[in-house]
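J.: Per this note's numbering: the sequence shown = residues 14 to 664. Ideal Cβ placement from N, Cα and C applies to all residues, glycine included. Just passing along the structure, written as structure tokens.
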Amino acid sequence: FDIVFAEADESSGLKRLRQLAQGELKDQPGFAGRIEQLAPVLDYDAQFARALARRPVVLGYYFTSDRNGHRSGVLPEPVITRDSLGGPGFHATQWNGYGSNIPTLAEGAAQAGFLNAIVDSDGVVRSLPLLAEFEGGYHESLALGVFRALAGMPDVVPGFPPGNLETTYAHLANVVLAQGDRTFAIPVDQRVATLIPFRGPGGPQGGSFTYHSAADVLRGRLPPGTLEDKIVLLGTTAPGLMDLRATPVSEVYPGVETHANLLSALLDGRLPVQPDYAMGFDLLQTLAAGLLLLALLPRLSALWSALVTAAVAALLIGVNAWLYVSAALVLPMASALLMVFACYAIDTAYGYFVESRSKRQLAGLFGTYVPPELVDEMVKEPERYDMRATERELTVMFSDMRGFTNLSETMSPQALQELLNRVFSRLSACIRHQRGTIDKFMGDCVMAFWGAPMETPEHARLAVLAALDMRQAIGAINREHAAQGLPPIGMGVGLNTGHMCVGDMGSDLRRSYTVIGDAVNLGSRLEGLSKHYGVDIIVSESTRAQAGDGFVWQELDRVKVKGKEEAVTIHTLLGRLEDITPAQQVELTQWHETLQAYRRQDWTAALAGLETLQTFAPDNTLYGLYRQRIEEWQQQPPPPGWDGSNKFDSK
Numbered sequence: 014f015d016i017v018f019a020e021a022d023e024s025s026g027l028k029r030l031r032q033l034a035q036g037e038l039k040d041q042p043g044f045a046g047r048i049e050q051l052a053p054v055l056d057y058d059a060q061f062a063r064a065l066a067r068r069p070v071v072l073g074y075y076f077t078s079d080r081n082g083h084r085s086g087v088l089p090e091p092v093i094t095r096d097s098l099g100g101p102g103f104h105a106t107q108w109n110g111y112g113s114n115i116p117t118l119a120e121g122a123a124q125a126g127f128l129n130a131i132v133d134s135d136g137v138v139r140s141l142p143l144l145a146e147f148e149g150g151y152h153e154s155l156a157l158g159v160f161r162a163l164a165g166m167p168d169v170v171p172g173f174p175p176g177n178l179e180t181t182y183a184h185l186a187n188v189v190l191a192q193g194d195r196t197f198a199i200p201v202d203q204r205v206a207t208l209i210p211f212r213g214p215g216g217p218q219g220g221s222f223t224y225h226s227a228a229d230v231l232r233g234r235l236p237p238g239t240l241e242d243k244i245v246l247l248g249t250t251a252p253g254l255m256d257l258r259a260t261p262v263s264e265v266y267p268g269v270e271t272h273a274n275l276l277s278a279l280l281d282g283r284l285p286v287q288p289d290y291a292m293g294f295d296l297l298q299t300l301a302a303g304l305l306l307l308a309l310l311p312r313l314s315a316l317w318s319a320l321v322t323a324a325v326a327a328l329l330i331g332v333n334a335w336l337y338v339s340a341a342l343v344l345p346m347a348s349a350l351l352m353v354f355a356c357y358a359i360d361t362a363y364g365y366f367v368e369s370r371s372k373r374q375l376a377g378l379f380g381t382y383v384p385p386e387l388v389d390e391m392v393k394e395p396e397r398y399d400m401r402a403t404e405r406e407l408t409v410m411f412s413d414m415r416g417f418t419n420l421s422e423t424m425s426p427q428a429l430q431e432l433l434n435r436v437f438s439r440l441s442a443c444i445r446h447q448r449g450t451i452d453k454f455m456g457d458c459v460m461a462f463w464g465a466p467m468e469t470p471e472h473a474r475l476a477v478l479a480a481l482d483m484r485q486a487i488g489a490i491n492r493e494h495a496a497q498g499l500p501p502i503g504m505g506v507g508l509n510t511g512h513m514c515v516g517d518m519g520s521d522l523r524r525s526y527t528v529i530g531d532a533v534n535l536g537s538r539l540e541g542l543s544k545h546y547g548v549d550i551i552v553s554e555s556t557r558a559q560a561g562d563g564f565v566w567q568e569l570d571r572v573k574v575k576g577k578e579e580a581v582t583i584h585t586l587l588g589r590l591e592d593i594t595p596a597q598q599v600e601l602t603q604w605h606e607t608l609q610a611y612r613r614q615d616w617t618a619a620l621a622g623l624e625t626l627q628t629f630a631p632d633n634t635l636y637g638l639y640r641q642r643i644e645e646w647q648q649q650p651p652p653p654g655w656d657g658s659n660k661f662d663s664k
């Protein structure tokens, strides 16, 4: 019984009838005798005691430790006395009071066990004591009493650990049940308690144990044989009856089921045990987990750090669960798990602060040149990037605003400033969108390059895409100008790919991250030639070759820029392949045939081709330029060995 019968049952009225027989009705003849004849029927406690005596019943009671040491009911005899030990005894929870059953029931039941649980410092019940000490006697718990009743009432013997004298007031290692030659050792902790092996969340719906309502039993609603040969624990589950406890599996766990769990484990012989080496094991696994993570996490990315941390935590939990299931070992793992998550938190925090610092440093170095998304990528490996000069293959762009001089003569300084800022902002956005590095602004010109500080294998293609985006941006600006009554603007872009020196260059007073070299100078020359050929974009052969597929090019010329004797083939970018119309494709084919005729000095065929081309575009500057050249060559033929190139002596 997980119930204490602390008061007599007076519901039959027998007590009141006896009071009447001794008081107001004592003179009534035969009244007192008749009451005593009815007493066996009306004394419910006596009837209950007789029923208890016929069955193997273990009643429940509780110990207290209040200031006054209140005592009520009849305390059963202890299973061990200090006198029987021949010494000072052993450690167990000591109490100074109790609340037990009324004498009638205590005499009727063969056994009684205490109901007290051990509440840990966090208010959670995890253990039940098997023995409790009261005035030199050791009393058994309800679960131990039921188990002994089932086992034939073996004697309870203290099991001391090796090396402890039984005459020493020491801790027990086991509570031993001895019957003849047979013994059964129950491992206990220093409180003579054992851990409760919870089987589930508890309660009627928990599924761990079968619940039946007492009302159904009393009214005969259960099928015959339901309780036959069963161990029945009587207790309460209603919140108002105050026998709900906080446990690791539920905050409102029926107290009666804690005893059921322990009794079930005793019967199965699988009690959970916390071994003596638990503290050492905990220290070892905590150190191992910490050292492992401290060695791995700094070398991993954020994603892999999270995965490895989760894997180590899962391994600790899995090993702990396996040891519990296979060997009933209860080993601590909270410290190890705290170490795991502490290592992860420290690594994450350290990575965050270091990354923030690296990002600030890189942003300070490259923030004005490089798009923010590239800075984010660079932060992942900050050691790869610095301002020292290196030589590598890059693509450089020079872009000049056309019509700026005329605008500057007609606009106020404030309006001109606003125009420049608006145009440069849009062109800069195009460059940054294609992962370019803005080098500098020079008057109405912007300089940029691709491939540094972050190495970009497709730097030529990205530069070409940026040039196309800039062409669209200028078109959008001119549509806005038309709506505002402002004159249109144009642009000239020069692109070249080659080996350049890139790094932090300048004086002690002022430095900048820039590129220098012959390949850079050629890019500047090509931008200057764009107006001469009447196009907005000129690229070198090296840029065209590395830009990849998907673009349509028109070869313009072979040129020798100032300071160079080697001819460079230059092209203009007509657009993306999908944007070219059939008419443009026909015109482009005709142009290539005309250019070939020009280079083999077939002036007649070249002029005929130009006549055809000018029907497509009468005002095309390129076609007019070549007509003028042919007319000059007809008057003064080119020198022997002419390679079809044109030399420019000015910048």
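#1: For PRO285, collect the residues of the same chain with a Cβ closer than 6 Å to its Cβ; drop the 5 residues on either side in sequence, then sort them by chain order.
#2: Since GLU4 sits in a beta bridge, which residues does DSSP pair it with?
#3: In the DSSP assignment, the beta strand (DSSP E) including ILE209 goes from what residue to what residue?
#4: When we look at the beta-carbon of ILE330 and count the other beta-carbons within 10 Å, is it buried (16 or more) or exposed?
#5: Please classify VAL338 as buried or exposed, where buried requires at least 16 other C-beta atoms within 10 Å of its C-beta.
#6: For VAL137, collect the residues of the same chain with a Cβ closer than 7 Å to its Cβ; drop the 5 residues on either side in sequence, then sort them by chain order.
#7: Which word fits MET467, buried or exposed, when buried means at least 16 other C-beta atoms lie within 10 angstroms of its C-beta?
#8: Between PHE76 and PHE147, is the Cβ-Cβ spacing less than 8 Å?
#9: Quick check: what's the CA-CA separation for PHE437 versus ALA465?
#10: Is it true that the CB of THR585 sits closer than 8 Å to the CB of VAL548?
#11: Rounded C-beta distance between ALA125 and THR271? I'm assuming under 8 Å.
#12: Would you grab the beta carbon distance between LEU478 and ASN509 for me? Rounded to a whole angstrom, and I think it's under 8 Å.
#13: Hey, TYR74 and GLY112 are a contact pair by Cβ (cut 8 Å); roughly how many whole angstroms apart?
#14: Run through DSSP, which three-state label would THR180 get?
#15: With a cut-off of 8 Å, do at least 3 Cβ pairs link the region 620-638 to the region 589-609?
#16: Using alpha carbons as the reference points, say which of VAL92, LEU155 and GLN648 lies closest to ALA191.
#17: Hey, quick one: how far does the beta strand (DSSP E) through LEU190 stretch, first residue to last?
#18: Look at the alpha carbon of GLU179 and the alpha carbon of ALA105, and state the distance between them as a whole number of angstroms.
#19: Drop a sphere of 10 angstroms on the beta-carbon of MET455, count the other beta-carbons inside from all chains shown, and report buried for 16 or more, exposed for fewer.
#20: What are the start and end residues of the alpha helix (DSSP H) that includes PHE160?
#21: CA-CA distance, ALA206 and PHE173?
#22: Grouping DSSP H, G and I as helix and E and B as strand, with all else coil, what is ASN671?
#23: Go ahead and pull the three-state DSSP assignment for GLY220.
#24: Taking all protein chains shown into account, do 16 or more other C-beta atoms lie within 10 angstroms of the C-beta of ILE199, making it buried, or fewer, making it exposed?
#25: Give the straight-line distance between the Cα atoms of SER555 and ALA532, rounded to the nearest whole angstrom.
#26: Would you call the region 405-423 and the region 495-505 touching, i.e. three or more CB-CB distances under 8 Å?
T.: Working from what's here:
#1: Residue numbering aside, residue 285 sits at position 272 when the sequence shown is read from its first letter. If we look at PRO285 and ignore the five residues flanking it on each side, its Cβ neighbours are LEU208, PRO210, ALA341 and VAL343.
#2: Shown here, the chain extends from 14 to 664; a query on residue 4 therefore has no answer.
#3: Taking the sequence shown and counting its residues from 1, the one referred to as residue 209 is at position 196. ILE209 -> no beta strand (DSSP E), and no H or E assigned at all.
#4: As a working mapping, residue 330 is identified with position 317 in the sequence shown. By the neighbour-count rule (16 or more Cβ atoms within 10 Å), ILE330 is not buried but exposed.
#5: In the sequence shown, the residue the question calls residue 338 occupies position 325. Counting Cβ neighbours within 10 Å, VAL338 comes out exposed, since fewer than 16 surround it.
#6: The residue given as residue 137 occupies position 124 in the sequence shown. Counting only Cβ-Cβ distances below 7 Å, and skipping sequence neighbours, we find ALA259, THR260 and PRO261.
#7: Taking the first residue of the sequence shown as 1, we reach residue 467 at position 454. By the neighbour-count rule (16 or more Cβ atoms within 10 Å), MET467 is buried.
#8: Here residue 76 is taken as the residue at index 63 of the sequence shown, counted from 1. Here residue 147 is taken as the residue at index 134 of the sequence shown, counted from 1. In contact: PHE76 and PHE147 (Cβ atoms closer than 8 Å).
#9: Position 424 of the sequence shown, counting from 1, holds the residue named residue 437. Position 452 of the sequence shown, counting from 1, holds the residue named residue 465. Looking at the two C-alpha atoms, the distance is approximately 21 Å.
#10: Numbered from 1 along the sequence shown, position 535 holds the residue referred to as residue 548. Numbered from 1 along the sequence shown, position 572 holds the residue referred to as residue 585. The answer is yes: Cβ separation under 8 Å.
#11: On the sequence shown, residue 125 is found 112 positions in, with the first residue counted as 1. On the sequence shown, residue 271 is found 258 positions in, with the first residue counted as 1. Their Cβ separation, rounded to whole angstroms, is 18 Å, which puts ALA125 and THR271 out of contact at 8 Å.
#12: If you number the sequence shown from 1, residue 478 lands on position 465. If you number the sequence shown from 1, residue 509 lands on position 496. LEU478 to ASN509, Cβ: 16 Å. No contact.
#13: Residue numbering aside, residue 74 sits at position 61 when the sequence shown is read from its first letter. Residue numbering aside, residue 112 sits at position 99 when the sequence shown is read from its first letter. Correct: roughly 6 Å between the Cβ atoms.
#14: Within the sequence shown, numbered from 1, the residue matching residue 180 stands at position 167. Note on THR180: pLDDT 49, under 50, position unreliable in the model; the coordinate value appears next. If DSSP states are grouped into helix, strand and coil, THR180 belongs with coil.
#15: yes
#16: Working through the sequence shown from its first residue, we reach residue 191 at position 178. When only C-alpha atoms are compared, the closest one is VAL92.
#17: Here the question's residue 190 lines up with position 177 in the sequence shown. Its beta strand (DSSP E) spans residues 187-192.
#18: The count along the sequence shown starts at 1 and reaches residue 179 at position 166. The count along the sequence shown starts at 1 and reaches residue 105 at position 92. Note that GLU179 scores a pLDDT of 49, beneath 50, so its modelled location is shaky; the value from the coordinates is reported in the next line. Roughly 15 Å between the two C-alpha positions.
#19: Indexing the sequence shown from 1 puts residue 455 at position 442. Counting Cβ neighbours within 10 Å, MET455 comes out exposed, since fewer than 16 surround it.
#20: Translated into positions along the sequence shown, residue 160 becomes position 147. Run containing PHE160: 155-163, per the alpha helix (DSSP H) assignment.
#21: As a first step, residue 206 must be located in the sequence shown, where it is residue number 193. As a first step, residue 173 must be located in the sequence shown, where it is residue number 160. Computed Cα separation, rounded: 14 Å.
#22: Absent from the structure is residue 671, since the part of the chain shown begins at 14 and ends at 664.
#23: If you number the sequence shown from 1, residue 220 lands on position 207. Reduced to three states, the DSSP call for GLY220 is coil.
#24: Along the sequence shown, one-based indexing puts residue 199 at 186. Classification for ILE199: buried.
#25: Walking along the sequence shown from the start, residue 555 turns up at place 542. Walking along the sequence shown from the start, residue 532 turns up at place 519. Taking the straight line from one Cα to the other gives about 10 Å.
#26: Judged by Cβ distances under 8 Å, the region 405-423 makes contact with the region 495-505, as three or more pairs qualify.
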